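4 protein chains.
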Amino acid sequence: MTPQQIAETVGKLVAERDMAGRRLGVQLVSVTPGGCVLRMTVQPDMVNSGGTCHGGVMFTLADSAFGYACNSFNRVAVAQQCDITYLKPVAVGTVLTATAELRETAGRSSVYDMTVRDEAGNTVALFRGLSREIGGEIIPGLGG
Amino acid sequence: MTPQQIAETVGKLVAERDMAGRRLGVQLVSVTPGGCVLRMTVQPDMVNSGGTCHGGVMFTLADSAFGYACNSFNRVAVAQQCDITYLKPVAVGTVLTATAELRETAGRSSVYDMTVRDEAGNTVALFRGLSREIGGEIIPGLGG
Amino acid sequence: MTPQQIAETVGKLVAERDMAGRRLGVQLVSVTPGGCVLRMTVQPDMVNSGGTCHGGVMFTLADSAFGYACNSFNRVAVAQQCDITYLKPVAVGTVLTATAELRETAGRSSVYDMTVRDEAGNTVALFRGLSREIGGEIIPGLGG
Amino acid sequence: MTPQQIAETVGKLVAERDMAGRRLGVQLVSVTPGGCVLRMTVQPDMVNSGGTCHGGVMFTLADSAFGYACNSFNRVAVAQQCDITYLKPVAVGTVLTATAELRETAGRSSVYDMTVRDEAGNTVALFRGLSREIGGEIIPGLGG
Numbered sequence: 010m011t012p013q014q015i016a017e018t019v020g021k022l023v024a025e026r027d028m029a030g031r032r033l034g035v036q037l038v039s040v041t042p043g044g045c046v047l048r049m050t051v052q053p054d055m056v057n058s059g060g061t062c063h064g065g066v067m068f069t070l071a072d073s074a075f076g077y078a079c080n081s082f083n084r085v086a087v088a089q090q091c092d093i094t095y096l097k098p099v100a101v102g103t104v105l106t107a108t109a110e111l112r113e114t115a116g117r118s119s120v121y122d123m124t125v126r127d128e129a130g131n132t133v134a135l136f137r138g139l140s141r142e143i144g145g146e147i148i149p150g151l152g153g
Numbered sequence: 010m011t012p013q014q015i016a017e018t019v020g021k022l023v024a025e026r027d028m029a030g031r032r033l034g035v036q037l038v039s040v041t042p043g044g045c046v047l048r049m050t051v052q053p054d055m056v057n058s059g060g061t062c063h064g065g066v067m068f069t070l071a072d073s074a075f076g077y078a079c080n081s082f083n084r085v086a087v088a089q090q091c092d093i094t095y096l097k098p099v100a101v102g103t104v105l106t107a108t109a110e111l112r113e114t115a116g117r118s119s120v121y122d123m124t125v126r127d128e129a130g131n132t133v134a135l136f137r138g139l140s141r142e143i144g145g146e147i148i149p150g151l152g153g
Numbered sequence: 010m011t012p013q014q015i016a017e018t019v020g021k022l023v024a025e026r027d028m029a030g031r032r033l034g035v036q037l038v039s040v041t042p043g044g045c046v047l048r049m050t051v052q053p054d055m056v057n058s059g060g061t062c063h064g065g066v067m068f069t070l071a072d073s074a075f076g077y078a079c080n081s082f083n084r085v086a087v088a089q090q091c092d093i094t095y096l097k098p099v100a101v102g103t104v105l106t107a108t109a110e111l112r113e114t115a116g117r118s119s120v121y122d123m124t125v126r127d128e129a130g131n132t133v134a135l136f137r138g139l140s141r142e143i144g145g146e147i148i149p150g151l152g153g
Numbered sequence: 010m011t012p013q014q015i016a017e018t019v020g021k022l023v024a025e026r027d028m029a030g031r032r033l034g035v036q037l038v039s040v041t042p043g044g045c046v047l048r049m050t051v052q053p054d055m056v057n058s059g060g061t062c063h064g065g066v067m068f069t070l071a072d073s074a075f076g077y078a079c080n081s082f083n084r085v086a087v088a089q090q091c092d093i094t095y096l097k098p099v100a101v102g103t104v105l106t107a108t109a110e111l112r113e114t115a116g117r118s119s120v121y122d123m124t125v126r127d128e129a130g131n132t133v134a135l136f137r138g139l140s141r142e143i144g145g146e147i148i149p150g151l152g153g
């Protein structure tokens with residue numbers, strides 16, 4: 010299997026198992042080794058008390074993207090630390106896209122950058138995550 | 010109205026309007042000026058692909074606590090930047106408690122520390138949030 | 010004056026006034042609107058107790074880059090929050106390069122990404138900073 | 010040796026070897042298992058281009074405190090990720106105190122909170138650091 014095939018095979022499994030992402034209607038658009046694109050529409054029950062998209066919902070979308078990306082090599086990795094900066098309030102009905110990119114790897118630790126954008130292409134949140142490989146494969150025997 | 014009464018009155022309104030928190034079954038245990046305690050049980054549809062509580066769910070719980078705390082003075086505040094560190098995977102069925110505390114205020118900016126614990130009192134995640142007051146009252150005329 | 014000329018004119022002034030950067034031997038390689046490149050050699054008196062480059066020294070280099078970049082428009086901006094991830098220990102004698110890039114602007118707030126690399130081009134630290142414009146010009150009347 | 014004696018013995022060694030801290034005139038006031046207090050006076054050559062204490066200098070002070078605290082058990086630990094929030098500009102001549110406290114430990118990872126205050130007791134910066142034990146003792150055979 011090529012790295013791309015591994016990423017897609019693991020991605021399908023993650024998509025099935027990521028119940029919190031599914032609950033929010035998160036859809037996997039594409040996945041590559043170390044990266045992915047997800048999409049989600051902000052629903053009326055996803056708002057905070059101010060009536061705009063809850064920070065936790067944007068975080069969950071970006072964190073799901075982080076999950077696809079850091080598991081795309083078929084090596085089990087967990088999130089250690091994440092930070093998010095909010096740039097723009099997001100209204101109900103907005104279609105959000107989250108893009109994940111591997112920035113750097115050092116031993117078992119890696120840094121991924123996630124960007125959340127609205128339909129107009131405006132960045133609404135920036136998310137950076139630190140992952141750590143803890144040993145083992147997501148799909149044993151698949152390679153990676 | 011005393012600051013405590015203001016915090017409770019605003020807290021009730023936030024509890025009604027925080028749809029993303031309600032969707033997760035987040036319950037307001039108590040609120041004080043600058044602080045609060047929330048509770049939530051991890052459900053089977055809140056897991057990540059590894060089968061433990063999704064980081065976005067823990068973040069949303071802590072972020073809701075941040076929301077109650079930073080709005081408890083009846084002055085409209087928004088989150089600018091948040092970071093979370095995960096310390097322990099959390100199983101389905103766990104009752105999580107999130108505690109919010111105001112650490113420091115400087116002009117319109119404040120730093121809040123949120124701590125997420127399981128029933129045994131073990132800390133499972135630490136969350137720090139930077140808020141900014143943007144002017145206006147949550148409940149106009151209430152004071153604060 | 011073009012934006013590039015403004016960035017260079019302000020850059021010269023910042024280079025003179027950034028005493029903490031000068032103390033570490035930080036040199037301005039280039040500056041553009043929203044970005045810059047700095048260089049510094051790790052000296053024997055810049056180490057931590059483990060004998061490698063002190064995290065605070067790498068931070069100061071990256072933070073100086075942040076300072077050049079977020080002031081390059083001749084509008085006074087201050088750092089609000091910064092985070093750094095260390096990827097590799099750095100030995101005495103290493104020539105470090107810090108690159109600053111503007112990622113996003115939202116109102117008076119902006120996010121900049123700084124990357125610190127060694128001579129071999131390996132990334133040794135990633136730094137993200139949130140700035141806020143507080144009004145006023147660095148060089149009054151210059152434009153920007 | 011008691012944990013307190015171990016912390017003090019390692020602290021003395023760290024104080025000798027932390028050249029970047031010494032260069033800034035950082036002084037160790039006290040050290041305990043998992044914590045410490047440091048002190049430093051802001052000198053004219055520690056400013057940024059705005060004439061106030063450089064963010065990198067405040068970071069270095071807090072990061073040195075992090076170093077004492079996370080090595081106080083005589084187990085070699087390194088910083089993985091740190092974030093700092095600035096609350097107040099600091100003038101030349103100010104005596105800064107940095108306090109480090111262990112917040113949580115999970116396996117080999119720990120979170121420490123550092124607080125930087127001026128003489129009046131005002132918090133000027135909050136710093137959170139994630140450390141990781143990498144095996145080995147600072148002073149072999151000392152215990153811990």
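Residue numbers (the working numbering), protein chains in the order written: chain U, 10 to 153; chain P, 10 to 153; chain B, 10 to 153; chain H, 10 to 153.
All C-beta atoms, glycine included, are put in the ideal place defined by N, C-alpha and C.
Since the structure is predicted, the reported quantities are computational estimates derived from the model, not experimental observations.
Sequence-distant residues of its chain with Cβ nearer than 6 angstroms to residue i (five each side left out)
i	result
VAL104(U)	THR50, GLU128
ALA24(P)	LEU37
GLY34(U)	MET49
PHE68(U)	ILE93
CYS45(H)	ALA74, TYR77, ALA78, ALA109
VAL66(U)	MET55
PRO53(P)	VAL101
SER118(U)	ARG141
Run of the alpha helix (DSSP H) containing residue i, from where it starts to where it stops
i	result
ASP72(P)	64-80
ALA24(H)	12-26
Endpoints, beta strand (DSSP E) assigned at residue i
i	result
MET123(U)	118-126
THR94(H)	84-95
VAL104(U)	104-115
ALA134(P)	132-146
VAL46(B)	44-50
ALA61(B)	The identity of residue 61(B) in the sequence shown is Thr, whereas the question assumes Ala. Careful: THR61(B) lies outside any beta strand (DSSP E) and carries neither H nor E.
VAL40(U)	36-41
Residues near residue i by beta carbon distance below 8 angstroms, same chain, minus five either side
i	result
PHE75(H)	ALA88, CYS91, ALA109, TYR121, MET123, PHE136, GLY138, SER140
THR4(H)	Outside the modelled stretch of chain H, which goes from 10 to 153, sits residue 4(H), for which no answer is possible.
GLU17(U)	VAL40
GLN13(P)	THR41, PRO42
GLY59(B)	PRO98
ASN80(U)	VAL19, VAL23, ALA86, ILE147
Residue burial classification, residue i (beta-carbon count within 10 angstroms, cutoff 16)
i	result
THR11(U)	exposed
ASP72(U)	buried
PRO42(H)	buried
GLY150(B)	exposed
GLY20(H)	buried
GLY116(U)	exposed
GLY130(P)	exposed
CB contact check: residue i to chain C, cutoff 8 angstroms
i	result
VAL120(H)	Of the protein chains in the structure, U, P, B and H, none is chain C.
Chain-order list of residues whose beta-carbon lies under 7 angstroms from that of residue i (same chain, five-residue window excluded)
i	result
ARG112(B)	VAL120, TYR121, ASP122
THR61(H)	PRO98, VAL99, ALA100
VAL56(B)	CYS62, HIS63, VAL101
GLY144(H)	VAL85
ILE148(B)	THR18, VAL19, LEU22, ASN83
ARG26(P)	none
ALA134(P)	MET67, ALA71, ILE93, THR94, TYR95, LEU96, VAL125
Proximal residues of chain H, C-beta to C-beta of residue i below 7 angstroms
i	result
GLU113(P)	LEU96, THR132, LEU135
Proximal residues of chain B, C-beta to C-beta of residue i below 7 angstroms
i	result
ASP92(U)	ASP92
ASN57(H)	ASP27, ALA29, GLY76
Under 9 angstroms by beta carbon: chain U residues contacting residue i
i	result
LEU139(B)	THR94
Residue i: CB within 7 angstroms of a non-hydrogen atom of the ligand ADP
i	result
ASP127(U)	Judged by which ligands are present, the structure shown has none, so any question about the ligand ADP falls away.
Where residue i meets chain P, residues with beta-carbon distance less than 8 angstroms
i	result
GLN89(U)	THR94, TYR95
Contacts of residue i in chain H (Cβ-Cβ under 9 angstroms)
i	result
PHE68(B)	GLY64, GLY65, PHE68, THR69, ASP72, CYS91, ILE93
Under 9 angstroms from the C-beta of residue i: neighbouring residues of chain B
i	result
ASP127(H)	Within 9 angstroms Cβ-Cβ: nothing; ASP127(H) doesn't reach chain B, min ~17 angstroms.
### Query
Any contact of the segment 25-34 of chain B with the segment 93-107 of chain P, i.e. 3+ C-beta pairs under 8 angstroms?
no
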